[in-house]
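Colleague:
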Amino acid sequence: MKKYVIPAAAGLVALLLLAAAFAPWIAPYDPTLTELASRLQPPSAGHWLGTDHLGRDMLSRIIWGARASFGAVAMILVLVLTFGCSVGMVAGLAGGVVDAVLMRICDAFMTVPTLVLALFMIGALGTGITNVVVAIALSHWAWYARLVRGVTLSLRQRDHIAAARIAGLSRLAIARRHLLPALAGPLAVLASLDLGHWLLHVAGLSFLGLGLAPPAAEWGIMINDARPFFRSAPLLVLLPGAAILLTVLGCNLLGDALRDRLDPGMPDHLH
Amino acid sequence: MMQLEGVHHAYRQGGIFSRSRRHPVLQGATLSIGAGECVALLGPTGSGKSTLGRLVLGLERPDAGAITFDGAPLTDPRGRMAPETRRAIQAVFQDPQAATSPRFTGYEVVAEPLTVQGEASRDRVAALLAEVDLPAELLDRPAHRMSGGQLQRLCIARALATRPRLVVLDEAVNSLDLETQAKIMALLKRLRAQHGMAFLFVTHDLRLLRGFADRSYVMQDRRPVEVESPFGPGPLPPVLQALRDAILPEMPRPRLPARRAVG
Ligand SMILES: Nc1ncnc2c1ncn2[C@@H]1O[C@H](COP(=O)(O)OP(=O)(O)OP(=O)(O)O)[C@@H](O)[C@H]1O
Ligand SMILES: [Mg+2]
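Shown next as structure tokens:
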């Protein structure tokens, strides 16, 4: 079972990533090109997945939607990992007052619900994908900092770190050779589960008209646009919905597989 | 060669916001290790043997007192060691699983001290493995797929890589079964005869010392006290007497009125 699920998930995510990266080249149409003469068409040779209420090509919009979603999620990931890793490592390695202060700051950020922060930022600074990305990153980095700090603390006492110091490695080399590989597994698991969440947040806020704005091609916007036509053209809702579902699923499965790979110390029966 | 003079060391207990008490582990510790000498450090658990070892290795800095190597301070005021000194003092720890990254192969474990100056090569590491009687096929095996005895030999090979003049063996054989223990002890004896390095042999198991250590210290009241002959008939520090009593007799004999065992 697992033998097929993991390659399937990896293939799916790879496909979506490729679509996102090469959207301008592989999308058959401009995703914002309206053609009112051919609106609400069922799938055909000209439009493989049909057209929406403004005659825009659905396949092209799904592909560009992947680009929008993954772009936003990638930005969140970069922010969260950079911030979380640096704060966590500094706290874990420095200890003492530095650690205590940084962890109290983390505690404060962990109490902030994503949606409340996002709505607050949008209310204060206006709608836009940047605000959504920053709000999601701000409400999530603290978990990463805590995780990194915990792993750093538990490793700091271990003799292979002492051995590395005795070998004469610099602090940076020890962080790179001994700390980062140990962090990769737990971070991958946490991030893969969060990727799905973030994707849903981005889509949800765009659905509400608070993230990306129409006519941009984004799955949340597409679902919102298609609501009035759900009865006559259910595909317009189902396709972006399926795209979100498959992406979230693929990310979660891939994260599990990644953890299994990156945790060599764990016996097989615990996987 | 290695000299500790009136060394104090304490660990802080509890968090930042709780009343922080410093818990003294070493007070006025004095100890010397000559070139090529095998010095044993005995003591019950929690008596500060490992702490003393970490100080000798420069992993920890003393709160007071002086640690000198070849007459010069072991570390500079910021706690850094000169590269030659760093290479001259190596260590083997008690738990080989904890002392090797499970992500490393045999080669990566042993080559680590050599990578710093870019002198690691497969030939060199294979020669080191041969020195500790390990087959060259372990070069590419992940550390977490080796037995405890193999891993400890690997750690010894790593400690030998820079041709050190002093090796701190912190309970280096105590996690192994009796047969492996005897083999590793024989290996250590042979290596010392070959290379003439000094050992600081930390243990709570008195039996290991017979015919191995040149001089012995026993931890008493947070400092090492030198004992002339730990197996001789003369008067002994009470801690050592307790360690001696803890040794199991070769043949079981009727139980004596209860004595408190240590360790
Ligand atoms: N990192 C640390 N932080 C706080 N206290 C410590 C730390 N390391 C050791 N201690 C304390 O210092 C004391 C001496 O510890 P040490 O490890 O030196 O003992 P030991 O003689 O090596 O014992 P064992 O035979 O069990 O290895 C112990 O009471 C221990 O609890
Ligand atoms: Mg110890």
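First to last, the protein sequences are chains E and G. Start counting the first sequence at 1; every next residue gets the next number (the working numbering). Start counting the second sequence at 1001; every next residue gets the next number (the working numbering). All residues carry an ideal CB built from backbone N, CA and C; glycine is no exception. Since the model is a prediction, treat every value here as computed from it, not as a measurement.
1. How should residue 1166/G be labelled, buried or exposed, when 16 other C-beta atoms within 10 angstroms of its C-beta is the threshold for buried?
2. So, is residue 97/E buried or exposed, given that buried needs 16 or more other C-beta atoms within 10 angstroms?
3. Below 8 angstroms, is the gap between the Cβ of residue 1170/G and the nearest heavy atom of ligand 2?
4. Taking its Cβ as the centre, do 16 or more other Cβ atoms sit within 10 Å of residue 1103/G, making it buried, or is it exposed?
5. Can you have a look at residue 1245/G and say buried or exposed, based on whether 16 or more other CB atoms are within 10 angstroms of its CB?
6. Rounded to the nearest angstrom, what separates residue 271/E and residue 1127/G at their Cα positions?
7. Nearest-angstrom Cα distance between residue 992/G and residue 1169/G?
8. Count the other CB atoms within 10 Å of the CB of residue 1023/G; is the residue buried (16 or more) or exposed (fewer)?
9. With a threshold of 8 angstroms on Cβ separation, who are the neighbours of residue 1073/G within its own chain once the five nearest residues in sequence on each side are excluded?
10. Could you confirm whether any beta carbon from chain G is found closer than 9 angstroms to the beta carbon of residue 107/E?
11. Decide if residue 269/E is buried, meaning its Cβ has at least 16 other Cβ atoms within 10 Å, or exposed.
12. Judging by CA-CA distance, which residue of 1043/G, 1193/G, 1149/G is the nearest neighbour of residue 1176/G?
13. Taking only the alpha-carbon atoms, compute the straight-line gap between residue 1043/G and residue 1205/G and give it to the nearest angstrom.
14. State the start and end residues of the unbroken alpha helix (DSSP H) segment that holds residue 1224/G.
15. For the beta strand (DSSP E) containing residue 1170/G, name the first residue and the last one.
16. Along the region 1038-1070 of chain G, where does the CB come closer than 7 angstroms to a CB of chain E? Name the residues.
17. The alpha helix (DSSP H) spanning residue 183/E covers which residue range?
18. Any beta carbon of chain E sitting closer than 9 angstroms to that of residue 1076/G?
19. Looking at ligand 1, does it come within less than 8 angstroms of residue 1012/G, judged from the CB to the closest heavy atom?
20. Compare the beta carbon distance of residue 233/E and residue 40/E with 9 angstroms and say whether it is the shorter of the two.
21. First and last residue of the alpha helix (DSSP H) that includes residue 1148/G?
22. Secondary structure at residue 1263/G, three-state DSSP: helix, strand or coil?
23. Evaluate contact between the region 157-167 of chain E and the region 1103-1115 of chain G, counting only Cβ atoms and requiring at least three cross-stretch pairs below 8 angstroms.
24. Would the region 165-174 of chain E count as touching the region 132-148 of chain E if we require 3 or more Cβ pairs under 8 angstroms?
25. Please report the straight-line C-alpha distance between residue 109/E and residue 1123/G, rounded to a whole angstrom.
26. For residue 57/E, which of helix, strand or coil comes out of DSSP?
27. Can you tell me the Cα-Cα spacing of residue 13/E and residue 258/E, whole angstroms?
28. Comparing the C-beta of residue 168/E with each C-beta of chain G, is any distance below 9 angstroms?
29. Rounded to whole angstroms, how far is the Cβ of residue 1056/G from the Cβ of residue 1200/G, which I believe are closer than 8 angstroms?
30. In the DSSP assignment, what are the bridge partners of residue 1038/G?
31. Taking all protein chains shown into account, do 16 or more other C-beta atoms lie within 10 angstroms of the C-beta of residue 138/E, making it buried, or fewer, making it exposed?
32. Since residue 50/E and residue 58/E should fall inside the 8 angstroms C-beta cutoff, what is the C-beta to C-beta distance between them, to a whole number of angstroms?
33. Using DSSP with H/G/I as helix, E/B as strand and the rest coil, what is residue 22/E?
34. Along the chain, where does the alpha helix (DSSP H) containing residue 133/E start, and where does it finish?
35. Restricting to runs no shorter than 3 residues, where is the beta strand (DSSP E) found entirely within the region 1073-1104 of chain G?
36. Check for me: the alpha helix (DSSP H) holding residue 1064/G runs from which residue to which?
Modeller: By the coordinates alone:
1. The residue labelled residue 1166/G in the question sits at position 166 within the second sequence. Buried, since its Cβ has 16 or more Cβ neighbours within 10 Å.
2. Your numbering for residue 97/E matches position 97 in the first sequence. Flag for residue 97/E reads exposed.
3. As a first step, residue 1170/G is located in the second sequence; it is residue number 170 there, counting from the start. Residue 1170/G Cβ: within cutoff of ligand 2.
4. Position 103 of the second sequence, counting from 1, holds the residue named residue 1103/G. The residue is buried, with at least 16 neighbouring Cβ atoms inside 10 Å.
5. Locating residue 1245/G in the second sequence gives position 245, where the first residue counts as 1. The residue in question, residue 1245/G, is exposed, as its Cβ has fewer than 16 Cβ neighbours within 10 Å.
6. To locate residue 271/E, count along the first sequence from 1; it is residue 271. To locate residue 1127/G, count along the second sequence from 1; it is residue 127. Low confidence applies here, because residue 271/E scores a pLDDT of 37, under 50, leaving its location unreliable; read the following figure in that light. Straight-line Cα distance between these residues: approximately 38 angstroms.
7. Missing from the structure shown is residue 992/G; chain G here goes from 1001 to 1263 and no further.
8. Along the second sequence, read from residue 1 onward, the residue named residue 1023/G stands at position 23. Exposed, since its Cβ has fewer than 16 Cβ neighbours within 10 Å.
9. Counting from 1 along the second sequence, the entry for residue 1073/G is found at position 73. Answer for residue 1073/G: 1066, 1067, listed in chain order.
10. Residue numbering aside, residue 107/E sits at position 107 when the first sequence is read from its first letter. Output row for residue 107/E: interface = no.
11. One-based indexing of the first sequence puts residue 269/E at position 269. A caution first: residue 269/E carries a pLDDT of 43, below 50, which makes its placement in the model unreliable, though a value can still be read off. Exposed.
12. As a working note, residue 1176/G is residue 176 in the second sequence. Selected option, being the one with the closest Cα: 1149/G.
13. Counting from 1 along the second sequence, the entry for residue 1043/G is found at position 43. Counting from 1 along the second sequence, the entry for residue 1205/G is found at position 205. Roughly 9 angstroms between the two C-alpha positions.
14. Taking the second sequence and counting its residues from 1, the one referred to as residue 1224/G is at position 224. From DSSP, residue 1224/G is part of no alpha helix (DSSP H) but of the beta strand (DSSP E) over 1223-1227.
15. Within the second sequence, residue 1170/G is the residue found at index 170, counting from 1. Residues 1166-1170.
16. 1057, 1059
17. If you number the first sequence from 1, residue 183/E lands on position 183. Taken as a continuous stretch (DSSP letters only), the alpha helix (DSSP H) holding residue 183/E covers 180-207.
18. Taking the first residue of the second sequence as position 1, residue 1076/G is located at position 76. Judged by the 9 angstroms Cβ criterion, residue 1076/G is not in contact with chain E.
19. Translated into positions along the second sequence, residue 1012/G becomes position 12. Because some heavy atom of ligand 1 lies under 8 angstroms away, the Cβ of residue 1012/G counts as near it: yes.
20. By one-based count along the first sequence, residue 233/E stands at place 233. By one-based count along the first sequence, residue 40/E stands at place 40. Between residue 233/E and residue 40/E, the CB-CB gap stays under 9 angstroms.
21. Counting from 1 along the second sequence, the entry for residue 1148/G is found at position 148. Taken as a continuous stretch (DSSP letters only), the alpha helix (DSSP H) holding residue 1148/G covers 1148-1160.
22. Here residue 1263/G refers to the residue found at position 263 of the second sequence. For residue 1263/G, the predicted model reports a pLDDT of 46, less than 50, meaning its position is unreliable; a value from the coordinates is still stated below. Correct three-state label for residue 1263/G: coil.
23. Yes, the region 157-167 of chain E is in contact with the region 1103-1115 of chain G.
24. no
25. Locating residue 109/E in the first sequence gives position 109, where the first residue counts as 1. Locating residue 1123/G in the second sequence gives position 123, where the first residue counts as 1. If I take the Cα positions, the gap works out to 52 angstroms.
26. One-based indexing of the first sequence puts residue 57/E at position 57. Strand.
27. Here the question's residue 13/E lines up with position 13 in the first sequence. Here the question's residue 258/E lines up with position 258 in the first sequence. Each residue's Cα considered, the two are about 13 angstroms apart.
28. Position 168 of the first sequence, counted from the first residue, corresponds to residue 168/E. Yes, residue 168/E lies at the interface with chain G (some Cβ there is under 9 angstroms from its Cβ).
29. Within the second sequence, numbered from 1, the residue matching residue 1056/G stands at position 56. Within the second sequence, numbered from 1, the residue matching residue 1200/G stands at position 200. About 6 angstroms; that satisfies the 8 angstroms criterion.
30. Position 38 of the second sequence, counting from 1, holds the residue named residue 1038/G. According to DSSP, residue 1038/G bridges with 1199/G.
31. Within the first sequence, numbered from 1, the residue matching residue 138/E stands at position 138. When all chains shown are included, residue 138/E counts as buried.
32. Stepping through the first sequence from its first residue, residue 50/E is reached at position 50. Stepping through the first sequence from its first residue, residue 58/E is reached at position 58. Yes, they are in contact, since the Cβ atoms of residue 50/E and residue 58/E sit about 5 angstroms apart, within 8 angstroms.
33. Position 22 of the first sequence, counted from the first residue, corresponds to residue 22/E. When secondary structure is reduced to three states using DSSP, residue 22/E falls in the coil class, being assigned neither helix nor strand.
34. Mapped onto the first sequence, residue 133/E falls at position 133. 129-138 is the span of the alpha helix (DSSP H), which, as asked, contains residue 133/E.
35. 1089-1092
36. To locate residue 1064/G, count along the second sequence from 1; it is residue 64. For residue 1064/G, no alpha helix (DSSP H) encloses it; the enclosing beta strand (DSSP E) starts and ends at 1064-1069.
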